[in-house]
Amino acid sequence: MATTDNLPAADVNKYDYVIVGGGTAGCVIAARLAEYLPRKNILLIEAGPSDFTDDRVLDLRKWLGLLGGELDYDYPTTEQPMGNSHIRHSRAKVLGGCSSHNTLISFRPFEHDLDIWQSLGAKGWTFPVFMRVLDRLRNTVQPDDAVTGVNLTLKDGTSHTVNAKAETILCAGAVDTPRLMLHSGLGPAQQLRDLGIEVVRDIPGVGENLQDHPESIILWELNKKVPENQTTMDSDAGIFLRREAPNAGAAQSAANPQGLAEGQIADVMMHCYQIPFTLNTGRLGYPEMKDGYTFCMTPNIPRPRSRGRIYLTSADPKVKPALDFRYFTDPEGYDAATLVYGMRAARKVAEQAPFKDWIAKEVAPGPDIQTDEALSEYARRAAHTVYHPCGTTKMGDVHKDGMAVVDEHLKLRGLRGVRIADAGVFPTIPSINPMLTVLGVGERCAELILEEAEALNAEKAQARL
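With the first letter of the sequence shown counted as 1, position 104 gets the number 144 in the working numbering; the numbers rise by one all the way through.
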């Protein structure tokens with residue numbers, strides 16, 4: 041393995057596989073292809089630096105300091121009439137991507153999430169397949185010091201055109217993959233024409249179907265200081281709750297278009313922190329909280345029904361795209377109602393021991409906010425993101441679904457030699473923090489490439505007989 045900031049012009053056409061984006065999925069794909077196809081040349085292109093020896097990244101307790109810094113693309117959100125228009129979306133600019141920025145909260149996807157994917161045309165993306173590929177991510181002992189391949193990470197101001205002999209795999213994430221595609225003339229034709237971008241291929245689904253896990257916050261002041269601890273997120277804990285009766289949500293919705301039986305799948309997830317997250321409450325006039333004397337819960341919506349879009353406002357690649365999440369705009373009002381339920385559930389949890397023995401008072405939204413209408417107004421205005429954008433280059437049946445961008449093999453609609461492998465391919469957002477799901481997409485992508493390479497080699501061998 042080698043890294044470089046320079047790429048000689050003579051080398052730009054020697055790579056068999058070019059991976060654009062050294063993030064959560066891209067790094068997995070590069071490593072696996074080097075293992076699976078050791079005779080092939082792999083190029084991994086990443087705009088950010090390596091986090092090797094960088095304590096800003098490696099010390100997980102410092103994650104808040106990364107937001108808005110030089111290792112963050114820091115995308116603003118467009119005006120959100122039903123939510124918080126001040127949300128900024130952190131997207132990591134570093135080798136490892138958002139798996140280097142996050143706090144390593146890891147959940148395997150639920151079987152129900154993958155059943156929905158299959159119902160939307162993602163054939164073969166079953167729960168057993170995901171469990172198998174995720175098992176490959178477990179730590180293993182390297183049997184020897186053999187080098188199985190060469191991966192080059194490009195960071196250079198020199199302009200080159202790199203042509204992959206076999207395939208190009210886009211792994212720039214659910215924001216930057218569609219951004220790159222749109223600037224390359226791949227996307228909704230009218231949007232491209234309006235900006236003076238030559239249309240290479242009309243792909244209506246690029247940038248559409250944007251999803252995220254929105255959350256809100258409830259803050260309490262404590263009557264005694266919480267002891268210092270060594271956990272990443274200062275005593276982070278997770279709670280899953282079912283708001284509706286079993287299978288009540290099985291009617292068709294954006295989160296479950298085929299109306300699959302839902303059983304007890306969670307409607308609400310919340311984290312519990314002792315960090316004073318007061319960015320949004322402070323803007324609403326609530327007081328700052330004293331470090332060490334704060335407890336908060338952040339109910340979020342695991343399966344939101346609202347859908348947004350990413351689009352360009354300029355043909356200049358340096359201009360950031362517009363991110364319009366359309367938070368809390370689903371016609372059923374499910375998202376807003378679920379957030380109110382989560383706020384009430386958080387209060388009930390806080391009334392139980394041992395929490396109640398530590399709590400002095402509720403600071404935000406405060407004891408005067410009691411009606412559903414008042415809670416909804418506060419929760420939406422104080423809402424934030426859990427930093428899980430996805431779905432903007434969704435996977436599906438490209439023969440039946442005009443908005444599907446890639447097929448079940450992750451191949452781009454209408455073009456040969458291009459795949460996408462990042463959170464953008466999610467047809468619907470998983471009910472949990474999606475890092476492991478993205479890793480699974482990377483693992484499966486490498487397998488699909490290997491299967492095709494082996495089939496091609498077998499055909500060539502047969503032809504020589």
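Ideal Cβ placement from N, Cα and C applies to all residues, glycine included.
Remember, predicted model here, so these are calculated numbers, not experimental data.
Next item on the list: Could you check the C-alpha separation between Y57 and E391 for me, to the nearest Å?
Entry: 56 Å
Check: Based on the DSSP output, what are the partners of M310 in its beta bridges?
Finding: I279, P339
Notebook entry, point to check: Any contact of the segment 357-377 with the segment 113-133, i.e. 3+ C-beta pairs under 8 Å?
Noted result: yes
Check: Any idea if G299 is buried or exposed, counting beta-carbon neighbours within 10 angstroms, 16 or more meaning buried?
Finding: exposed
Next item on the list: Give the range of the alpha helix (DSSP H) segment to which W165 is assigned.
Entry: Unbroken run through W165: none, as it is neither H nor E.
Notebook entry, point to check: Looking at the unbroken alpha helix (DSSP H) that takes in T208, where does it start and where does it end?
Noted result: Careful: T208 lies outside any alpha helix (DSSP H), inside the beta strand (DSSP E) at 207-210.
Note to self: Just to check my reading of the structure: D370 and R345 have Cβ atoms closer than 8 Å, yes? What is that Cβ distance to the nearest angstrom?
What the structure shows: 4 Å
Margin query: So if DSSP puts Q251 in a beta bridge, which residue, or which two residues, is it bridged to?
Written below: C430
Check: Grouping DSSP H, G and I as helix and E and B as strand, with all else coil, what is R387?
Finding: helix
Checklist line | Proximity winner among H449, T477, K54, relative to I145 (alpha-carbon distances) | finding: T477
Item checked: Through-space distance from H428 to I156, alpha-carbon basis -> 18 Å
Next item on the list: Please go through the same chain and pick out, in chain order, the residues whose beta-carbon is closer than 8 Å to the beta-carbon of G236, but skip the five residues on each side of it.
Entry: A355
Next item on the list: Starting from I399, follow its DSSP beta bridges and name the residues at the other end.
Entry: L262
Checklist line | Buried versus exposed, by CB contacts within 10 Å (16 or more), D185 | finding: Residue placement at D185 is poorly supported in this model, since its pLDDT is 37, which falls under 50; the coordinates still yield a value, given next. Classification of D185: exposed, given that the 10 Å Cβ count is below 16.
Notebook entry, point to check: Given that a residue counts as buried once 16 or more other Cβ atoms are within 10 Å of its Cβ, and exposed if not, what is S199?
Noted result: exposed
Checklist line | Sequence ranges, beta strand (DSSP E) only - wholly within the segment 419-470, length at least 3 | finding: 458-460
Checklist line | Cα-Cα separation, A229 to R459 | finding: 20 Å
Next item on the list: Evaluate F317 with the Cβ neighbour count: other Cβ atoms within 10 Å of its Cβ, from every protein chain shown; 16 or more gives buried, anything less gives exposed.
Entry: buried
Note to self: For R349, report the span of its beta strand (DSSP E) as first-last.
What the structure shows: 349-351
Next item on the list: Measure the Cβ-Cβ separation of I250 and I350 and say whether it is below 7 Å.
Entry: As written in the sequence, residue 250 is Leu, which differs from the Ile given in the question. Yes, they are a contact pair.
Note to self: Tell me the DSSP secondary structure of D370 in three-state form.
What the structure shows: coil
Note to self: Check whether the segment 158-165 and the segment 462-482 touch, using three or more Cβ-Cβ pairs below 8 Å as the test.
What the structure shows: yes
Check: Alpha carbon to alpha carbon, how far is P357 from A301?
Finding: 44 Å
Next item on the list: State buried or exposed for L194, treating a residue as buried only when at least 16 other CB atoms are found within 10 Å of its CB.
Entry: Only weak support exists for where L194 lies, its pLDDT of 46 falling under 50; the value from the coordinates is given anyway. Answer is buried; the Cβ neighbour count reaches 16.
Check: If you draw a straight line from the C-alpha of R282 to the C-alpha of D441, how long is it?
Finding: 31 Å
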